[in-house]
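Single-structure report; data block below.
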Amino acid sequence: MNYNEAKEKLAACGQTHLLRWYDTLTEREQESLLQQIEELDTELLQVFADYRKSSEQARGKLAPLGALTLEEIAQNRDRFEAAGLDAIRQGKVGAVLLAGGMGTRLGFDKPKGMFNIGVTRELYIFECLIRNLMEVVDKAGTFVPLFVMTSEKNDEDTRAFFKEMKYFGYNAEYVHFFVQEMAPAVDMEGRILLEEKGRIAASPNGNGGWFSSMQRAGLMNLLHREGIEWLNVFAVDNVLQRIADPVFIGAALLSGADMGSKVVSKADPEERVGVLCLEDGTPSIVEYYEMTKEMITSREPDGRLSYNYGVILNYLFRTDSLESGADKRMPIHVVEKKVPYIDENGMLIEPASPNGCKFETLVLDMVHMQENCLSFEVDRSREFAPVKNKTGVDSVDSARELLHRNGVSL
Ligand code: UTP
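In our numbering, the protein residues as written are 32 to 441.
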């Protein structure tokens with residue numbers, strides 16, 4: 032794209048200010064800026080305009096969804112585990128680590144997985160995850176293909192770290208990195224921000240694009256060649272995460288469901304967690320702030336909360352159903368955030384409060400694209416230790432405490 036074409040594209044959507052510093056840039060920077068403008072998804076500006084008109088997204092009719100409970104799972108454990116191990120041994124299961132996030136709440140400037148959660152020794156978040164996966168590998172007698180999603184911001188560091196740490200004992204041939212896409216940030220008036228005079232402020236486009244990013248990275252050939260039928264997608268920050276859990280996989284397979292989701296019983300009715308439920312008859316996740324008081328307190332005849340099962344970002348999807356739904360456009364969420372930017376005087380501003388918006392797709396929206404879902408309860412004290420914040424709830428401290436209680440030496 033040349034300068035005039037770029038100017039025309041930007042004029043059509045009221046964004047010509049992105050060329051304000053063009054004449055002051057080096058030739059290389061100019062080329063890079065034109066390239067960024069060429070790749071710019073201007074449809075996002077319409078998403079922003081719609082968001083400004085109404086920030087509330089209309090929901091369908093919500094209804095509770097139960098779960099395969101801990102007791103039921105315990106009764107069928109051997110049967111489920113055998114079916115799961117069988118699928119793993121046949122190479123039908125892959126795992127997808129979502130590690131493209133910015134981890135801003137933790138305030139650590141490296142990829143979150145590089146955070147050392149050890150106290151008297153080094154124990155990295157990535158290491159915790161690989162160790163957990165190794166337990167399955169040892170039991171199954173075969174490695175599980177592991178796909179690691181990074182972003183432009185942390186790809187290099189992540190790959191270098193795995194290499195330096197010799198993949199924490201994992202077989203490197205089974206580890207495949209791929210990079211997610213970026214999305215531009217806008218100010219509260221919908222003007223795209225610059226983070227440098229020749230660079231549009233952009234950030235990873237949310238965790239919902241993982242499958243399309245895998246497709247774009249050319250990984251479908253590998254999935255087909257290896258016969259990978261199921262993908263277990265999980266977040267980087269839960270250090271007690273059970274990955275490719277054969278009991279979960281076996282239960283999902285035997286249930287005939289399109290997908291499975293690990294869930295935990297809510298700690299209390301007001302817990303700030305997304306709840307797996309039904310929306311217009313198909314699985315969906317309702318966020319805690321979208322629930323009415325009545326939904327929050329409603330109980331079933333057995334005394335359990337009707338909306339009881341919180342998600343922990345550990346899902347099992349069928350590859351074929353993801354592929355057949357690939358052309359469905361996922362909802363784009365607009366999130367207000369602090370976005371550093373270059374002001375009209377060319378000064379870098381680091382805002383203290385949210386000054387702009389980012390665009391994200393979310394993996395939880397993929398749940399609603401499936402016909403049915405096995406809701407699979409797990410014990411939160413053994414499987415849920417998220418590291419989101421520096422201190423307090425879901426923090427380094429709470430995760431350390433839970434690791435310790437699970438016998439992990441720190
Ligand atoms: P979070 O929603 O906690 O986002 O991600 P985050 O970016 O890691 O953290 P904050 O909000 O800035 O503090 C949940 C999971 O989704 C991944 C994260 O790496 C984490 O495993 N994720 C998130 C991505 O892979 N890409 C994204 O664009 C966003």
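Ideal Cβ placement from N, Cα and C applies to all residues, glycine included.
Hey, is the stretch 413 to 421 in contact with the stretch 259 to 279, meaning 3+ C-beta pairs nearer than 8 Å?
Contact holds: three or more Cβ-Cβ distances are below 8 Å.
With DSSP as the reference, label Ala203 as helix, strand or coil.
If DSSP states are grouped into helix, strand and coil, Ala203 belongs with the helices.
Drop a sphere of 10 angstroms on the beta-carbon of Gly169, count the other beta-carbons inside from all chains shown, and report buried for 16 or more, exposed for fewer.
It is Asp, not Gly, that sits at residue 169 in the sequence shown. Result: exposed.
Report whether the distance from the Cβ of Met133 to the nearest heavy atom of ligand 1 is below 7 Å.
True, at least one ligand heavy atom lies under 7 Å from that Cβ.
Which one or two residues does DSSP pair with Glu310 in a beta bridge?
DSSP output for Glu310 lists Leu93 and Thr313 as bridge partner(s).
How big is the Cα-Cα spacing for Thr189 and Asp140?
Near 12 Å, if we compare the C-alpha coordinates of Asp140 and Thr189.
Could you please give the first and the last residue of the uninterrupted alpha helix (DSSP H) stretch that includes Tyr34?
Tyr34 to Ala42 is the span of the alpha helix (DSSP H), which, as asked, contains Tyr34.
Gly387 bridges to which residues according to DSSP?
The partner list for Gly387 (beta bridge, DSSP) reads Asp218 and Lys368.
Taking 6 Å as the limit between beta carbons, can you name the residues of its chain near Ala98, skipping five residues before and five after?
Within the same chain, Ala98 has close Cβ partners Val294, Tyr340, Ser406 and Glu408.
The stretch 67 to 85 in contact with the stretch 284 to 298 per 3-pair CB rule at 8 Å
No, the stretch 67 to 85 does not touch the stretch 284 to 298.
Three-state class that DSSP yields for Lys359 in the structure shown:
Reduced to three states, the DSSP call for Lys359 is coil.
Does the separation of the CB atoms of Val127 and Phe178 fall below 8 Å?
In this structure, Val127 places its C-beta atom within 8 Å of the C-beta atom of Phe178.
Apply the 10 Å Cβ neighbour rule to Thr55 and answer buried if 16 or more other Cβ atoms are within range, or exposed otherwise.
Classified as exposed, Thr55 has fewer than 16 neighbouring CB atoms from the shown chains inside 10 Å of its CB.
Contact under 8 Å by Cβ, Ala233 with Ala248:
Taking 8 Å as the Cβ cut-off, Ala233 and Ala248 do not qualify as a contacting pair.
Backbone CA spacing between Thr57 and Glu381 [nearest angstrom]
For Thr57 and Glu381, the distance between alpha carbons rounds to 25 Å.
Hey, would you say the C-beta of Met180 is under 7 Å away from at least one heavy atom of ligand 1?
Yes, the Cβ of Met180 comes within 7 Å of a heavy atom of ligand 1.
Should Leu160 be labelled buried (16 or more other beta-carbon atoms within 10 Å of its own) or exposed?
Leu160 is buried by the Cβ-count criterion.
Would you check whether ligand 1 has a heavy atom nearer than 7 Å to the C-beta of Val267?
Within 7 Å of the C-beta of Val267 there is at least one heavy atom belonging to ligand 1.
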